[in-house]
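In the working numbering, the protein residues as written are 16 to 383. A short worksheet on the structure shown next.
Next comes the structure, spelled out in structure tokens:
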């Protein structure tokens, strides 16, 4: 069941201390973005910052509101846990989006033990005061902050038990929407547990975890399992999962098979599959295009790979992976003008329209 309206009043002023939060330097942002007229004004609302993909500015604005640091901003009520946790989720998620995970992992320590009933559980309803998405993000960041990946596995298992309890309650109450919500959450946790085990190099544990996940009619579980098998390095098992899934996600199946060929070093076969997928996409797909370029690069066709990636940028795509791949090709193509090519690429991306996919990029994205 979803979080209910609580009647417990708790003081969360310990989360509003300015010393918790790290300043974000603009020095790791290319000049093309720092000097752009698209940069938001200081009075831009948090909602607009998020909608236009100004994630660094949104992370700063969230902290200013939390700590009442913005000029003329009212002091936040330390008992208004919904507002506080919403701002904290914005802050931490934006830090992860701008490649500031180390700062997020340190700042999340302020929560201490999120299972502490004296702080985070409504004593009357038994409901958790912290929104689910923030609790899941907290698990990942706490594990990073304390350098203990086992912590994430155990905490994800705790959340999974809670999800199963809520599925049972929703079923007993004939609340199908709540039941499906918690089933989706349980599936996501199963994938996260496998991912955490992979990070611990416990591949056998990850393989077992994948085997426990039940298939669903939409094929999402099978697709997720196949992708994780590829991450482990077992292309044959990924193919086996897809072949027996019988799912309706045909594009997903084709993607897994193409990735499996790449994992086996069969780049020509993979390129043929990516081209077939690309023909089915009416407006083009960034992921498909990038994988086509990688295949071309490994086949020794660097010029074709460069043209393909530059065309993706021309179409308005600008993911971190795309920019780093193109910058790498610039480094391989020339020694004399590689910095100039990267700077022009940064200027091109800075001129793009803002979107919730994120606008501002970092020096590292262009390998500057």
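A virtual CB, placed ideally from N, CA and C, is assigned to each residue, including glycine. No experiment lies behind these values; they were computed from the predicted model shown.
Contact check, residue i vs residue j, beta carbons under 8 Å
i: residue 122; j: residue 164; result: no
i: residue 337; j: residue 301; result: yes
i: residue 205; j: residue 212; result: no
i: residue 357; j: residue 381; result: yes
i: residue 72; j: residue 55; result: yes
i: residue 289; j: residue 307; result: yes
i: residue 66; j: residue 362; result: no
Closest residue to residue i among the options (Cα-Cα distance)
i: residue 28; options: 100, 186, 51; result: 100
i: residue 259; options: 230, 199, 141, 189; result: 230
i: residue 85; options: 93, 76, 92; result: 76
i: residue 15; options: 79, 316, 151; result: Outside the displayed span of the chain (16 to 383) sits residue 15, for which this structure offers no information.
i: residue 152; options: 124, 136, 137, 138; result: 124
i: residue 209; options: 313, 195, 160, 240; result: 240
i: residue 176; options: 351, 185, 201, 154; result: 201
i: residue 149; options: 197, 194, 97; result: 97
i: residue 170; options: 156, 380, 183; result: 156
i: residue 360; options: 369, 351, 350, 378; result: 378
i: residue 38; options: 115, 55, 50; result: 115
i: residue 245; options: 322, 60, 271, 296; result: 271
i: residue 40; options: 181, 318, 228, 113; result: 113
i: residue 13; options: 195, 228, 89; result: Any answer about residue 13 is impossible in this case: the structure gives the chain only from 16 up to 383.
i: residue 326; options: 316, 339, 346, 305; result: 305
i: residue 317; options: 333, 292, 299, 347; result: 347
i: residue 287; options: 295, 299, 273; result: 273
i: residue 106; options: 119, 94, 95; result: 119
i: residue 374; options: 269, 174, 334; result: 334
i: residue 32; options: 65, 81, 236; result: 81
i: residue 172; options: 34, 162, 154, 161; result: 154
i: residue 295; options: 94, 117, 269, 186; result: 269
i: residue 161; options: 117, 218, 111, 174; result: 117
i: residue 111; options: 89, 137, 132, 74; result: 74
i: residue 376; options: 190, 339, 344, 88; result: 339
Through-space distance from residue j to residue i, alpha-carbon basis
i: residue 25; j: residue 223; result: 41 Å
i: residue 285; j: residue 203; result: 29 Å
i: residue 158; j: residue 167; result: 5 Å
i: residue 282; j: residue 251; result: 16 Å
i: residue 140; j: residue 134; result: 14 Å
i: residue 108; j: residue 70; result: 9 Å
i: residue 226; j: residue 247; result: 14 Å
i: residue 53; j: residue 267; result: 36 Å
i: residue 310; j: residue 188; result: 52 Å
i: residue 331; j: residue 192; result: 37 Å
i: residue 43; j: residue 329; result: 24 Å
i: residue 253; j: residue 127; result: 39 Å
i: residue 207; j: residue 146; result: 18 Å
i: residue 369; j: residue 30; result: 31 Å
i: residue 275; j: residue 342; result: 26 Å
i: residue 179; j: residue 199; result: 11 Å
i: residue 228; j: residue 303; result: 27 Å
i: residue 366; j: residue 184; result: 51 Å
i: residue 36; j: residue 91; result: 16 Å
i: residue 104; j: residue 321; result: 38 Å
i: residue 293; j: residue 242; result: 19 Å
i: residue 51; j: residue 257; result: 46 Å
i: residue 255; j: residue 68; result: 39 Å
i: residue 364; j: residue 49; result: 12 Å
i: residue 277; j: residue 93; result: 53 Å
i: residue 130; j: residue 218; result: 29 Å
i: residue 186; j: residue 249; result: 37 Å
i: residue 383; j: residue 344; result: 13 Å
Under the three-state DSSP convention, the category residue i falls into
i: residue 263; result: Confidence at residue 263 is low in this model, with a pLDDT of 46, below 50, so its placement is unreliable and the value that follows should be read with caution. Three-state result, residue 263: coil.
i: residue 192; result: helix
i: residue 325; result: helix
i: residue 58; result: coil
i: residue 24; result: coil
i: residue 369; result: coil
i: residue 18; result: Any reading at residue 18 needs caution, since the residue's pLDDT is 46, under 50, leaving its predicted position unreliable; the model's value is listed next. In this structure, residue 18 counts as coil in the three-state DSSP scheme.
i: residue 82; result: coil
i: residue 342; result: helix
i: residue 336; result: helix
i: residue 168; result: helix
i: residue 377; result: coil
i: residue 350; result: coil
i: residue 276; result: helix
i: residue 46; result: helix
i: residue 356; result: helix
i: residue 287; result: helix
i: residue 69; result: coil
i: residue 246; result: helix
i: residue 299; result: coil
Near the ligand ADP: residue i beta-carbon under 7 Å from a heavy atom
i: residue 197; result: No copy of the ligand ADP appears in this structure; indeed no ligand is present at all.
* Can you give, in chain order, each stretch of the beta strand (DSSP E) that sits fully within the segment 87-159 and has at least 3 residues? -> none
* Sequence ranges, beta strand (DSSP E) only - wholly within the segment 174-240, length at least 3 -> none
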